[in-house]
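Data block below; observations after.
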Amino acid sequence: MRPYIKTIFIFALFLALARPAFSQDISELTAQCAASAGDVTYLKDFPAKLDAGTPGGKPPSAKYSMLLSKNTAYRFTICTAPDSEGEAILDLYDMNILIGSTYNKATGKDYPSFDFKCQKTAVYHIFVSFKEGKAGNAVGIMSFVEKL
Amino acid sequence: MVRNYLYILTGVLFLYACGSCGNKGASGTNGLNDIPDDVVNLGIAEISEEAMQGFVDNMSSPVEMAALIKSLNVGYSNKYLAPTDKIEDYTTNFQQAFSLGVYGLDLGYLNMYNKTNTVLDYISAIKTLADAINVGQFFDFTTLKRLAQNNQNLDSLMYISVHSFNQMDNYLRKTNRSNLSVLIVTGLWLEGNYLATQVYKEAPHPALKERIGEQKIIIEKLMIFLQNFKSDKQFQNLISELSSLQEEYKNVSITIELGEPEAVEKDGMLTFIQHDKSIVNISDETVQRITQKTEDIRNKLIRK
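Taken in sequence, the protein lines are chains A and B. Its first residue numbered 183, the first sequence is counted upward by one per residue in my numbering. Its first residue numbered 184, the second sequence is counted upward by one per residue in my numbering.
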């Protein structure tokens, strides 16, 4: 009886402590990431907590659809959580065409953020994924930079 | 000894059940208790999670609308704002969610012009309405009030305001209350269109005219989401009103000029410049009709 109760006790304690800690971490990461974007105004955040992909398969990703307006400069920033296994990438698509990314595949260079000077009011798609399809935890931020 | 464990276990399980008591239900309770059944059930019955995943965010950004107006050197005026003194007249969740969006847009406008004295009335109104639809836990009223009263750290004021709305919206969708989420977005959008058209009457800048015309894209998307809830009488009325406004947008045409995007790296900062370009064709007469229609619908829906 006693070992059984002890196991339940430890499990329940783990659950009680783990759940609020996770939401707090994401909230802190979002605030830190928004602050790291620079002298811009926060608009949206894109949290992504993903499992690892299957070998040879497409890396899992979190998708968000945003309406972006003409004559506006936006900044997209990506922040990988300290405990994340994979390193996060944020990609911006217009329909199915990649028009911006925090990762340059050709050079292997990462950028913490990029600006996008929008000239066409339309719905765009943001994908957050992790390099090599690893599991990971990250948040992307979209900020307003200026009217063009 | 076993009894002691059981006492502790009960306490721990209570803590777990409470979950996020520290942040008043942000991740634990769905907070549906005070909402009339017809409204809550409507959200669950009418739209699937899958459909809402196709939802488009940022359809009406208070920050972007206010920044556009400010960039045209148009001065601040409180005559564009929805009054906050009749807040108790919003008695249904439908009215509360819609007006939450309206005041959210006004708050963005006030923040952009640093009108911290007036901001207090609006954050109080928003807190009241957010509590009424059980999302008040995401609106950090105390911090916002302190920042506004001290007229300090305006970046934080802006961040917390916008982030609070994002959290409320996410939470409503997660708890199958997308009907209220769509109403907030509709309130934001209609008030944004009202602000743009009213300012245009006094400062007819081409950029503002173009922005008014671009709303054709947004009203089309908004109507699709509103249609999901058309079995509700209040939604039916709103759809009917907005359909007459959408009708006016049939006279607006938007064409796209294609171009190759360009990437520029300067001082370590990467910038992508789009060379596709949207061109809006809208006549002065159409702007006038849209202005009048927007004003009529908005004034019918808010309490003055």
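Virtual Cβ for every residue (Gly too), placed ideally from N, Cα, C.
Helix, strand or coil at B/A390 [DSSP, three-state]: The residue given as residue 390 of chain B occupies position 207 in the second sequence. Helix at B/A390.
Per-residue contacts from B/D459 into chain A (C-beta, under 8 angstroms): Within the second sequence, the letter at position 276 stands for residue 459 of chain B. Those within 8 angstroms of B/D459 in chain A are D276, Q301 and K302.
Cβ-Cβ distance between A/G315 and A/A244 below 8 angstroms: Numbered from its first residue, the first sequence carries residue 315 of chain A at position 133. Numbered from its first residue, the first sequence carries residue 244 of chain A at position 62. Contact flag unset, no.
B/L441, enclosing alpha helix (DSSP H) - first and last residue: For the purposes of this step, residue 441 of chain B is taken as the residue at position 258 of the second sequence. Careful: B/L441 lies outside any alpha helix (DSSP H) and carries neither H nor E.
Three CB pairs or more closer than 8 angstroms across the region 422-440 of chain B and the region 286-302 of chain B: Taking 8 angstroms as the limit for Cβ pairs, the verdict is that the region 286-302 of chain B does not touch the region 422-440 of chain B.
Nearest to A/V310 (by Cα), restricted to the options A/A216, A/A213, A/S247 and A/G290: Against the first sequence, residue 310 of chain A aligns to sequence position 128. Ranking the options by Cα distance to A/V310, first place goes to A/S247.
Coarse secondary structure for B/A200, derived from DSSP in three states: Position 17 of the second sequence holds residue 200 of chain B. Unreliable positioning characterises B/A200 in this predicted model, as indicated by a pLDDT of 40, which lies under 50. The coordinate reading is nonetheless provided below. Helix at B/A200.
Own chain partners of B/I439 with C-beta closer than 8 angstroms, once the 5 adjacent residues on each side are dropped: The count along the second sequence starts at 1 and reaches residue 439 of chain B at position 256. Here the set comprises D459, K460, S461 and I462.
Beta-carbon proximity check, B/F182 vs B/M341, cutoff 8 angstroms: Chain B is shown only over 184 to 487; residue 182 of chain B falls outside these bounds and no answer can be derived.
B/P266 - containing beta strand (DSSP E), residue span: In the second sequence, counting from the first residue as 1, residue 266 of chain B sits at position 83. No residue range can be given for B/P266, since it is assigned to no beta strand (DSSP E) and is classified by DSSP as neither H nor E.
Helix, strand or coil at A/G290 [DSSP, three-state]: Sequence index remark: in the first sequence, residue 290 of chain A carries index 108 (1-based). The answer is coil: DSSP assigns A/G290 none of H, G, I, E or B.
Outcome for B/G451 when other beta-carbon atoms lying within 10 angstroms are tallied against a minimum of 16: Taking the first residue of the second sequence as 1, we reach residue 451 of chain B at position 268. Burial call: exposed.
Where the beta strand (DSSP E) containing B/M452 begins and where it ends: To locate residue 452 of chain B, count along the second sequence from 1; it is residue 269. Looking at the DSSP string, the run of the beta strand (DSSP E) that includes B/M452 is M452 to I456.
Closer than 8 angstroms to chain B by CB, A/A244: Along the first sequence, read from residue 1 onward, the residue named residue 244 of chain A stands at position 62. Chain B, which has no Cβ nearer than 8 angstroms to the Cβ of A/A244, makes this no.
Where the alpha helix (DSSP H) through B/L355 begins and ends: In the second sequence, the residue the question calls residue 355 of chain B occupies position 172. L337 to K357 is the span of the alpha helix (DSSP H), which, as asked, contains B/L355.
CB contact below 8 angstroms: A/V305 versus chain B: One-based indexing of the first sequence puts residue 305 of chain A at position 123. Chain B contact via Cβ: present.
CB contact below 8 angstroms: B/S244 versus chain A: Numbered from its first residue, the second sequence carries residue 244 of chain B at position 61. True, the Cβ-Cβ gap to chain A drops below 8 angstroms.
Closer than 8 angstroms to chain B by CB, A/L249: Within the first sequence, the letter at position 67 stands for residue 249 of chain A. Contacts with chain B at 8 angstroms (Cβ-Cβ) include A/L249.
CB contact below 8 angstroms: B/L305 versus chain A: Start at 1 with the first residue of the second sequence, and residue 305 of chain B comes out as number 122. Per the sequence shown, the amino acid found at residue 305 of chain B is Tyr instead of Leu. No - not a single Cβ of chain A is within 8 angstroms of the one on B/Y305.
Separation of B/E385 from A/V321, as counted between CA atoms: Counted from its first residue, the first sequence places residue 321 of chain A at position 139. Counted from its first residue, the second sequence places residue 385 of chain B at position 202. Going by the C-alpha atoms only, they are around 41 angstroms apart.
Short CB-CB distance (under 8 angstroms) between A/A203 and chain B: As a working mapping, residue 203 of chain A is identified with position 21 in the first sequence. Note on A/A203: pLDDT 49, under 50, position unreliable in the model; the coordinate value appears next. Not flagged as an interface residue toward chain B: A/A203, since no C-beta distance is shorter than 8 angstroms.
C-alpha distance - B/M406 paired with A/K313, whole-angstrom precision: Counting from 1 along the second sequence, the entry for residue 406 of chain B is found at position 223. Counting from 1 along the first sequence, the entry for residue 313 of chain A is found at position 131. Cα-Cα distance, rounded: 38 angstroms.
Closer than 8 angstroms to chain B by CB, A/T289: For the purposes of this step, residue 289 of chain A is taken as residue 107 along the first sequence, with counting starting at 1. For A/T289, the answer is no, since every Cβ of chain B falls outside 8 angstroms of its Cβ.
Burial state of B/N241 (16 or more Cβ within 10 Å): Taking the first residue of the second sequence as position 1, residue 241 of chain B is located at position 58. The residue is buried, with at least 16 neighbouring Cβ atoms inside 10 Å.
DSSP state of B/N241 mapped onto helix, strand, coil: Counting from 1 along the second sequence, the entry for residue 241 of chain B is found at position 58. Residue state, collapsed to three classes: coil.
Boundaries of the beta strand (DSSP E) in which A/K256 is found, first to last residue: As a position in the first sequence, residue 256 of chain A is number 74, starting the count at 1. The identity of residue 256 of chain A in the sequence shown is Tyr, whereas the question assumes Lys. Where A/Y256 is concerned, the enclosing beta strand (DSSP E) stretches over T254 to T262.
Residue-chain proximity (A/S312, chain B), Cβ-Cβ < 8 angstroms: Against the first sequence, residue 312 of chain A aligns to sequence position 130. Sequence check: residue 312 of chain A is Phe here, not Ser. False, the Cβ-Cβ gap to chain B never drops below 8 angstroms.
Cutoff 7 angstroms; reference A/T223; Cβ partners in own chain excluding five residues on either side: The sequence position of residue 223 of chain A within the first sequence is 41, counting from 1. Excluding residues within five positions, the ones whose Cβ falls inside 7 angstroms are S325 and F326.
B/Q279 to B/K392 span [Cα, whole Å]: On the second sequence, position 96 is the one that residue 279 of chain B refers to. On the second sequence, position 209 is the one that residue 392 of chain B refers to. So the alpha carbons of these two residues sit roughly 30 angstroms apart.
Burial state of B/M248, where buried means 16 or more other Cβ atoms lie within 10 Å: The residue you call residue 248 of chain B lines up with position 65 of the second sequence. It is buried - the Cβ of B/M248 has at least 16 other Cβ atoms within 10 Å.
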